[in-house]
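Asker: My questions all concern the structure below.
Residue numbers (this note's numbering), protein chains in the order written: chain A, 10 to 110; chain B, 132 to 303; chain C, 2 to 524; chain D, 2 to 683.
In structure tokens form, the structure reads like this:
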């Protein structure tokens, strides 16, 4: 097993996630794509951990943290989406431009 | 390196299968016109990554992934989909933007950059096998990484409270 | 009194309004009468101090700087807190403090929209500090700071309390409000000029040895010939730009009609009465003594521009349909006489310039007060719509006629001396200056007085005389009220007093100017 | 008295002895000051007084008249010269002073202004009764007289200038007294501006003389003249010409005469005072004051030719105009212009005494004629003679006094006008023989012809007004006594006024005027030329006879004959030689209209183009080169800079869409670019 193969796969997943983030209109789907990207990151971390034979297992620990943060992110993200939906009857991102001045 | 050697390794064959599966699932996640399908495809992709973790000897992480993601997060997503009445019909226009090509270009460029950087950096470096025990992980987690761990737990707590505050109906 | 003479007096005059501004700023917005009281009190204090300075002024030594002090200030660049007044700046300082008080009295219950007296008073007081400071500063950096300090309050005054009529301009796609256009134009024009002025100051600083910003020492160096040659020519040009925009000299005057027209009444008054004088004062105080050689080279140019301004301003007045704009253009002409006086480089001409500045201050200030009050009542400045004002408001109409007469240079009133003496000076300019140019300028300037009389009488005829049009005949337009009269009577008295007894001004300026001319030009 | 007989033969005329004049002369500064102070009193308190301010005005004139006559009597006994000055400012080497001069010339003017003023002010009380601005009228009227006194009392040229312009101001206020009507304002403005144009000459003349001599005092200037100052001699021609232009404006000499007939828009007392004592006499006074300057060959003697030419044109051409006027006041106005021409000619011919003597007598009879005209107008409510006629019976006193004034003006022996006009003719004749040359000879004939015209138009005025049938609507009646008494008083002076200077018998007037602090230079005294006097008288009688023949003969057809029009000449006269029209078409209309608008237009569009070249880059420069007058200017550049910034902002702000995904896309794209860049550049 080579390091590269995992890294390339992770890069591919990450890019697909990027594509999803950019192209999807529905907020829930954007969140899904973000999960994909986070997974790719986790794969990288674990792969590096295995390659470095790290006694501290920091790769895996960080993967765990990523999973935890991802869970938190999904929770908050969905809550926001729900709230926005409640206010605007839509979860489409292109109808949201509150950040415009 | 010899591609023949590489492909003949059984672990690598497994990897290729899983990888193809994951990529296919991931592509469906970002292209499926049906939101529920997309969520289910994500389950598949995550499952693949759990399998990869096992291959790399990260047992605990793999199972945690299965439990947390597939068990909890995806359910959460499905609830979200239902609550927001996200369209489940086959109407691709409404789910995607019209300008896909710029997005695809950016994604492709990202991939090219990351992949080429990875390959250039590591070339033929191999990964030694070996399984790390959950116990070791626990030791490390509660000694060296105890402060980040606690911090993450606070983050989770904050997220919990935040979720409640945000999603609950007007307190009146 | 020793403290008063030793620099405290002048500092008091300059900074009392600033303290007042701080106090007004601390007040809650709703306490308007307290804000007015404080503003009046502090400007009155400033006026009182300047009157005290006049009383204690040594009129036998007007050419010396009195009440001065010279303290270390920004030691890194050798800039010092050097202040003092001589016979040239003293009348202007008194004029400045007086006009500020009158402006506050006048605006006691004449607030332009959008009201907010607190902010207005803060700006007014800030303006007062800038104006007073410019007249006492004897250090170039100090001068520059006060000179620029004036800019900001006036910008906001025009921009916030100005005229909201929308106008369409060449080059703009959308209509803009007059006040916005005018305030930005005013600001940019002046800033453009003063940027060059600052460059000039810096050039003088680096050329002088040892480096100094002190006007007196620079003047000594200049009179020794340190700044001769190309260097001096460039520096003079830079200073010229800075001051000429402020005066304003033709053809840098185009900001003036817009700014005057758009500004609220008090803003117009101070703009005309004091701000324009900063430029001509700069010529007398800085350009001439420090760069005498270049002044002689440039004098014919200044004279020609001044005469053009006289004729041009008067003719432009004849075409105006807006009362305030007409008065604004008349300023161009009158400041032309001031600059003609300065350009002769003789004691007569510069004396004429100073009295012309004072006279223009009181007369045009008064005219703008009156125009403002009329606008307040008629809600229009359009000359064609007015008429029969004398019937509707005899007091305001009478004062308008009086002031217009003063403005056209009637002997016996303040405006005469500046014009006549400027013409006198230009008959006999400094030795070495072209007699052809200056005598032609004299003739043209004298013809300009005819045009001035023409447009003033024409304005009076259309605004004051005749029967009131139907538009106004039914209205009960109240004549001047107590506050207005309180603000105007001192000006009327001043116009009359200076006209009958010009020694009020000449007594202070004469020796100072003679000494300045003698040192700079050896005349 | 004895000196008078001696003077008859002499050429240079020096008073026997001069004295300082004592207390009366030292306090002569009160003469201008009292009217000016009372003027303010009338403005501020007049309305509260029982006679609404008239009493203060009358008091001021009474004061001046008594003071003036007292000085005149003193001067008649011993020539007075006194000069006092108060410094009011010093500028460089020049001193500005308020001064008063008491000498023969100024005393004569004090007396004339005082006496005529007293009569006119008294008369005005009746005439102005019921006027809505009664108090204000007397304030301005007092200012008018006061300003004239400032002018004649001045010991220096700057004060002269002050008085000069104040007279102009007062005339503006008074001519435009009925300002509700814009045509009156127009007349007032015309008067002020015409004078102001001529004042350019005066200002320049004052500056040239004052700067060259180094002092503005008449005393110093005339000393320089008698000392033959070479610096002054160099500029003397131009200075003299400039001062004369100033004098032309005030004394309504051709081509500055246009304002005077229009000035009839003012109330009649104003016309009376203006034409008799104040304002129009100022120019002649100035020439008299500066007489040695013009007289000396070293100085401005060359200007005298111009003076005499201008004067003769004025006296004849304006006299003809009086013939065709229907407005009685305008007849008198043109007559004044014509008589001023006589005075100017006299000054140009070097006849100091003759010119001022005519001023003196003319003040009485012209003041009188205007008062009479006012009385008539008051009665018939019209200015036009076509509304008058036959007023001899209802207005006997007005008729008698008007007749006396007319005969005096026509120069009938032994009334005032005869003596003064005869002296002018004599002095022109003298000048023709002493250096005046051919011009003076021609002018002599013009002056004699002018005498005919004068008599002719006055006869017309008398007949059309007082004879024939009454043509008007109102019911004429004699004016109240407050108006007739002043008329009778002035009529008396018009009859006997000439006897103060009867050549060969009593030359008191010559004596009085000669009391000047400095020698008057080489001028000839009055002399009597019996042949000329007889010619003048005969010509005047011929004029009256002709007038009688045309207008008197048959009352019924009087009006038809007046309507007779001489071809060619009449249209010319009717349009006043087209001078007014010429000014309007060539001067005032263009300046008020196209020129002013052009300047205003250039302000908005052209100046900006110039600044453009400094401020903006190639674009602005190219536009100036291409269409220098084009509608582009600094405004455009300033606005374009602002607009450009604005546009750029508009474009950039589109990137701020608020869409998270676009931001994310930019983020990733940017990251990739960074990496690529890193790879390329390292």
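All C-beta atoms, glycine included, are put in the ideal place defined by N, C-alpha and C.
None of the values given here were measured: they were computed from a predicted structure.
(1) How is residue 83 of chain D classed by DSSP in three states: helix, strand or coil?
(2) Do the CB positions of residue 238 of chain B and residue 52 of chain A come within less than 9 Å of each other?
(3) If I'm right that residue 174 of chain B touches residue 184 of chain B with Cβ under 8 Å, what's the distance once you round it to whole angstroms?
(4) Determine the contact status of residue 147 of chain C and residue 216 of chain C, defining contact as a CB-CB distance below 9 Å.
(5) Excluding the 5 residues flanking residue 16 of chain A on each side, which residues of the same chain have their C-beta closer than 8 Å to its C-beta?
(6) Considering residue 70 of chain C, what are the terminal residues of the beta strand (DSSP E) in which it resides?
(7) Exposed or buried, which one is residue 204 of chain D when buried takes at least 16 other CB atoms within 10 Å?
(8) Evaluate the contact criterion for the segment 217-231 of chain C versus the segment 244-255 of chain C: three or more CB pairs, one atom per stretch, below 8 Å.
(9) Since residue 344 of chain D and residue 360 of chain D are thought to touch, with beta carbons under 8 Å apart, how far apart are those beta carbons, to the nearest angstrom?
(10) Expressed to the nearest angstrom, what Euclidean distance is found between the alpha-carbon atoms of residue 334 of chain C and residue 313 of chain C?
(11) List the residues of chain B that residue 670 of chain D touches, going by C-beta distances under 9 Å, in chain order.
(12) Assuming the contact rule is C-beta atoms closer than 8 Å, residue 162 of chain D and residue 301 of chain C should be a hit. Round their C-beta distance to whole Å, please.
(13) Tell me which residues of the segment 184-208 of chain D have at least one Cβ-Cβ distance to chain C shorter than 7 Å, keeping chain order.
(14) With a threshold of 16 other CB atoms inside 10 Å of the CB of residue 213 of chain B, please say whether the residue is buried or exposed.
(15) When the Cα of residue 228 of chain B is compared with those of A:31, A:27, A:12 and A:10, which residue comes out closest?
(16) Cutting at 7 Å between CB atoms, please list the residues of its own chain near residue 331 of chain D, excluding the five before and the five after it.
(17) Under the three-state reduction of DSSP, which class applies to residue 410 of chain D: helix, strand or coil?
(18) What are the boundary residues of the alpha helix (DSSP H) that residue 237 of chain B is part of?
(19) Please tell me whether residue 47 of chain A has its Cβ less than 9 Å away from any Cβ of chain D.
(20) Where DSSP assigns a beta bridge to residue 28 of chain D, which residues make up the other side?
(21) Would residue 246 of chain D count as contacting chain C if we go by Cβ distances under 9 Å?
(22) Let me check understanding here. Comparing Cα to Cα, which of B:171, B:179 and B:138 lies closest to residue 108 of chain B?
(23) Determine the extent of the beta strand (DSSP E) in which residue 81 of chain C is found, giving its start and end residues.
(24) According to DSSP, simplified to helix, strand and coil, what is residue 363 of chain C?
(25) Opposite residue 167 of chain C in the DSSP bridges: which residues?
(26) Counting only beta-carbon separations shorter than 9 Å, does residue 104 of chain A have a partner in chain B?
(27) Name, in chain order, the residues that DSSP records as bridge partners for residue 1 of chain D.
(28) If you count every other CB in all the chains shown that lies within 10 Å of the CB of residue 545 of chain D, and 16 or more means buried, which is it?
(29) 9 Å is my cut-off, CB to CB: does residue 88 of chain D come that close to chain C?
(30) Residues in its own chain within less than 6 Å of residue 283 of chain C by CB, not counting five upstream and five downstream?
(31) Let me know if residue 262 of chain B comes out buried or exposed under the rule of 16 or more other beta-carbons within 10 Å of its beta-carbon.
(32) Return the Cβ separation of residue 69 of chain D and residue 108 of chain D in integer angstroms, given the expectation that the two are a contact with Cβ distance under 8 Å.
(33) Closer than 7 Å by beta-carbon distance: list the chain D residues that pair up with residue 307 of chain C, in chain order.
(34) Take residue 325 of chain C as the anchor and find which of C:272, C:353, C:306 and C:206 has the nearest alpha-carbon.
(35) With a cut-off of 9 Å, does the C-beta of residue 254 of chain B fall near any C-beta of chain A?
(36) Would you kindly work out how many angstroms separate the C-alpha atoms of residue 384 of chain C and residue 374 of chain C, rounded to a whole number?
Answerer: According to the data block:
(1) Within the fourth chain, residue 83 of chain D is the residue found at index 82, counting from 1. Note: residue 83 of chain D maps to strand in three-state DSSP.
(2) Residue mapping note: residue 238 of chain B aligns to position 107 of the second chain, counting from 1. Residue mapping note: residue 52 of chain A aligns to position 43 of the first chain, counting from 1. No, they are not a contact pair.
(3) Along the second chain, one-based indexing puts residue 174 of chain B at 43. Along the second chain, one-based indexing puts residue 184 of chain B at 53. 16 Å between Cβ atoms; not a contact.
(4) Indexing the third chain from 1 puts residue 147 of chain C at position 146. Indexing the third chain from 1 puts residue 216 of chain C at position 215. Going by C-beta atoms, residue 147 of chain C is not nearer than 9 Å to residue 216 of chain C.
(5) Counting from 1 along the first chain, the entry for residue 16 of chain A is found at position 7. Only 53 and 56 meet the Cβ criterion.
(6) Numbered from its first residue, the third chain carries residue 70 of chain C at position 69. Its beta strand (DSSP E) spans residues 67-75.
(7) Translated into the one-based positions of the fourth chain, residue 204 of chain D becomes position 203. The residue is buried, with at least 16 neighbouring Cβ atoms inside 10 Å.
(8) no
(9) Here the question's residue 344 of chain D lines up with position 343 in the fourth chain. Here the question's residue 360 of chain D lines up with position 359 in the fourth chain. That belief holds up - the Cβ atoms of residue 344 of chain D and residue 360 of chain D are roughly 6 Å apart, short of 8 Å.
(10) The residue given as residue 334 of chain C occupies position 333 in the third chain. The residue given as residue 313 of chain C occupies position 312 in the third chain. Taking the straight line from one Cα to the other gives about 7 Å.
(11) Reading the fourth chain from its first residue, position 669 is the one you call residue 670 of chain D. Under the 9 Å cutoff, chain B gives 233, 236, 237, 240 and 241.
(12) Mapped onto the fourth chain, residue 162 of chain D falls at position 161. Mapped onto the third chain, residue 301 of chain C falls at position 300. At roughly 27 Å, the Cβ-Cβ gap does not stay under 8 Å, so residue 162 of chain D and residue 301 of chain C are not in contact.
(13) 186, 190, 193, 194, 197, 198, 201, 204, 205 and 208
(14) Walking along the second chain from the start, residue 213 of chain B turns up at place 82. The residue in question, residue 213 of chain B, is exposed, as its Cβ has fewer than 16 Cβ neighbours within 10 Å.
(15) Within the second chain, the letter at position 97 stands for residue 228 of chain B. Closest by alpha carbon: A:31.
(16) Within the fourth chain, residue 331 of chain D is the residue found at index 330, counting from 1. The residues are 262 and 265.
(17) Start at 1 with the first residue of the fourth chain, and residue 410 of chain D comes out as number 409. Reduced to three states, the DSSP call for residue 410 of chain D is helix.
(18) Counting from one through the second chain, the residue named residue 237 of chain B turns up at place 106. From DSSP, the alpha helix (DSSP H) with residue 237 of chain B extends over 231-253.
(19) For this step, residue 47 of chain A is matched to residue 38 along the first chain. Cβ-Cβ to chain D under 9 Å: no for residue 47 of chain A.
(20) Counting from 1 along the fourth chain, the entry for residue 28 of chain D is found at position 27. DSSP, once it has assigned bridges, lists no residue as partnering residue 28 of chain D.
(21) The residue you call residue 246 of chain D lines up with position 245 of the fourth chain. It does not: the Cβ of residue 246 of chain D has no partner Cβ on chain C nearer than 9 Å.
(22) A query on residue 108 of chain B cannot be resolved here, the shown segment of chain B reaching from 132 to 303 and no further.
(23) For the purposes of this step, residue 81 of chain C is taken as the residue at position 80 of the third chain. Here the beta strand (DSSP E) through residue 81 of chain C covers 80-86.
(24) As a working note, residue 363 of chain C is residue 362 in the third chain. Helix at residue 363 of chain C.
(25) In the third chain, counting from the first residue as 1, residue 167 of chain C sits at position 166. DSSP lists C:178 as partners of residue 167 of chain C.
(26) Within the first chain, residue 104 of chain A is the residue found at index 95, counting from 1. Cβ-Cβ to chain B under 9 Å: no for residue 104 of chain A.
(27) Lying before the first or after the last residue shown, residue 1 of chain D is absent from chain D, which here runs from 2 to 683.
(28) For the purposes of this step, residue 545 of chain D is taken as residue 544 along the fourth chain, with counting starting at 1. That one is buried.
(29) Counting from 1 along the fourth chain, the entry for residue 88 of chain D is found at position 87. At least one chain C Cβ lies under 9 Å of residue 88 of chain D.
(30) Working through the third chain from its first residue, we reach residue 283 of chain C at position 282. Within the same chain, residue 283 of chain C has close Cβ partners 244.
(31) Taking the second chain and counting its residues from 1, one reaches residue 262 of chain B at position 131. Classification for residue 262 of chain B: exposed.
(32) The sequence position of residue 69 of chain D within the fourth chain is 68, counting from 1. The sequence position of residue 108 of chain D within the fourth chain is 107, counting from 1. That belief holds up - the Cβ atoms of residue 69 of chain D and residue 108 of chain D are roughly 7 Å apart, short of 8 Å.
(33) Against the third chain, residue 307 of chain C aligns to sequence position 306. By Cβ distance, chain D contributes nothing, its closest Cβ being about 15 Å from residue 307 of chain C, past 7 Å.
(34) In the third chain, the residue the question calls residue 325 of chain C occupies position 324. The shortest C-alpha separation from residue 325 of chain C is found at C:272.
(35) Within the second chain, numbered from 1, the residue matching residue 254 of chain B stands at position 123. Yes, residue 254 of chain B counts as interfacial toward chain A.
(36) Within the third chain, the letter at position 383 stands for residue 384 of chain C. Within the third chain, the letter at position 373 stands for residue 374 of chain C. Cα to Cα, the separation comes out at about 14 Å.
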